[in-house]
Each structure stands twice: as C-alpha cells, then as structure tokens.
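Trainee: Chains as they are written, first to last, in this note's numbering: chain A, 1 to 110; chain B, 111 to 223.
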Amino acid sequence: GEDVEQSLFLSVREGDSSVINCTYTDSSSTYLYWYKQEPGAGLQLLTYIFSNMDMKQDQRLTVLLNKKDKHLSLRIADTQTGDSAIYFCAPPGDTDKLIFGTGTRLQVFP
Amino acid sequence: DTGVSQDPRHKITKRGQNVTFRCDPISEHNRLYWYRQTLGQGPEFLTYFQNEAQLEKSRLLSDRFSAERPKGSFSTLEIQRTEQGDSAMYLCASRTGTDNGYTFGSGTRLTVV
Numbered sequence: 001g002e003d004v005e006q007s008l009f010l011s012v013r014e015g016d017s018s019v020i021n022c023t024y025t026d027s028s029s030t031y032l033y034w035y036k037q038e039p040g041a042g043l044q045l046l047t048y049i050f051s052n053m054d055m056k057q058d059q060r061l062t063v064l065l066n067k068k069d070k071h072l073s074l075r076i077a078d079t080q081t082g083d084s085a086i087y088f089c090a091p092p093g094d095t096d097k098l099i100f101g102t103g104t105r106l107q108v109f110p
Numbered sequence: 111d112t113g114v115s116q117d118p119r120h121k122i123t124k125r126g127q128n129v130t131f132r133c134d135p136i137s138e139h140n141r142l143y144w145y146r147q148t149l150g151q152g153p154e155f156l157t158y159f160q161n162e163a164q165l166e167k168s169r170l171l172s173d174r175f176s177a178e179r180p181k182g183s184f185s186t187l188e189i190q191r192t193e194q195g196d197s198a199m200y201l202c203a204s205r206t207g208t209d210n211g212y213t214f215g216s217g218t219r220l221t222v223v
C-alpha cells in the first residue's frame, strides 16, 4: 500500500539550515507537496514540486526530488523560531488523495 | 471567499451522541476531501467527493460515519453513536481537478467524553 516515512523530530539552532527528508512508496501524481502545521491548526501548503523536476527553490525553501529513489527533501535556509511546526510531505496516491506520514516536528532554538 | 471553512471549530459531546460537522470549500473547487488526525499522527484519509459524487471511502469510515455533499458545494460529515476513539481533529480540504494545491480548513476538534 501507499506509505510515507519521515523522521519524527529535528532540532536546529536559529539561523542554521534545516533539512527534512521523506521517502514514499508510491505516487502517480504530477505534483508532490509539503505542508506545515502549527499547533492546533490546519495544514498550510508550503510548497510543491512538479514530478519531472529535480529541484525547486522558493525563497528560503528548496525542494529536492529523487524520483528513482522516491525520496523528497525540504531545506529551510536561515531557520527562524517561527518555522517551528510539524512538516508533512504529501505525495498524492493513485486515487488523487494525499497520503501523509507522521510528519517531522521541527524545533528551532535560539 | 478566502479559504475552506469548517464549523464548528470545537465540539465536545457525550459518548453515544451523534455529531455533524460542516465544510464549505473554496467556491470553484469541485473536489472535497475529509481527513481525520489524532494526536501525534498525520492526517488519515476518510473520503472524497467530486462535485456531489462520493468517489472513494476509506475502510476507516465505519458504518457510523456518513458524509454528504448534496449540491456539490458544502459537505457534512456525521458520526453516529460517538465513541471515545472518535476524538480527533477532522480536517476538510478542497481543490479543483486541475489545480496544483489542496487547501485545508482549520479543522473541527471533536472530544468525546
């Protein structure tokens, strides 16, 4: 079945870069997404990458896609305390719905 | 229309009662999704609609759960005879068929006591 795996926690110092990794088992979608969730809130679309791209840069965010290995990563440059949240990669499965793993909780300390 | 709206934001109910949640998608979005999220977990897919047609239901959606989207606009999710295990955040999302983003609402937090 469809599965998404991410490490549970990441802790970084303010100003450093954060890299959140994701592996997935199946995605037939044109796009793969990253979502951010702050405590008690819904999911906010952070960025996405077109499946025939290797890399996409969007201000402080860089997404890398290795489609052969089914590996997706999100790099946040100059991480700020406001970036503290849970980050989900979400490849759509074969029937259009998004598939989520447990997410990575990013903690940024001063 | 600024986003996906969910109502209520919070619901506390006694075990055994029925509850109904509402989702208003972005008006031009023809696809609507329901997810459930428990503490420490990612969202789990429940069901989705294209216009008024319910195209897929997860096996998580027991017979106590029913979802409707009668006119292809807003949707309701009803849980009958609630159980403590139903306590979760219920999230709704919408998108167009060709859009490249799924927009989520803020969710309805259900607590069954």
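We put the CB at the ideal spot given by N, CA and C, even for glycine.
With a threshold of 8 Å between beta carbons, is Leu-64(A) in contact with chain B?
Mentor: no
Trainee: Report yes if the C-beta distance between Gln-37(A) and Phe-88(A) is below 8 Å; otherwise report no.
Mentor: yes
Trainee: Any contact of the stretch 67-84 of chain A with the stretch 131-147 of chain B, i.e. 3+ C-beta pairs under 8 Å?
Mentor: no
Trainee: How far does the beta strand (DSSP E) with Arg-75(A) in it reach, from first residue to last?
Mentor: 71-76
Trainee: Can you find a CB in chain B that lies within less than 8 Å of the CB of Leu-114(A)?
Mentor: Because chain A is modelled from 1 through 110, residue 114(A) falls outside the range shown and cannot be assessed.
Trainee: Using the C-alpha atoms, what's the distance from Ala-163(B) back to Gln-80(A)?
Mentor: 43 Å
Trainee: Check the Cβ-Cβ distances between Thr-213(B) and every residue of chain A, and say whether any is below 8 Å.
Mentor: yes
Trainee: Ignoring anything shorter than 3 residues or poking outside the stretch 121-158 of chain B, list the beta strand (DSSP E) runs there in chain order.
Mentor: As far as the stretch 121-158 of chain B is concerned, its whole beta strand (DSSP E) runs of at least 3 residues are 129-134 and 141-147.
Trainee: So, does the stretch 165-179 of chain B touch the stretch 118-126 of chain B, judging by three or more C-beta pairs under 8 Å?
Mentor: no
Trainee: Buried or exposed, going by whether 16 or more other CB atoms sit within 10 Å of the CB of Ser-204(B)?
Mentor: It is buried - the Cβ of Ser-204(B) has at least 16 other Cβ atoms within 10 Å.
Trainee: Return the bridge partner residues of Phe-175(B) from the DSSP annotation.
Mentor: Ile-189(B)
Trainee: Pull up the distance between the alpha-carbon of Ile-49(A) and that of Gly-152(B), whole angstroms please.
Mentor: 20 Å
Trainee: Given that a residue counts as buried once 16 or more other Cβ atoms are within 10 Å of its Cβ, and exposed if not, what is Asp-196(B)?
Mentor: buried
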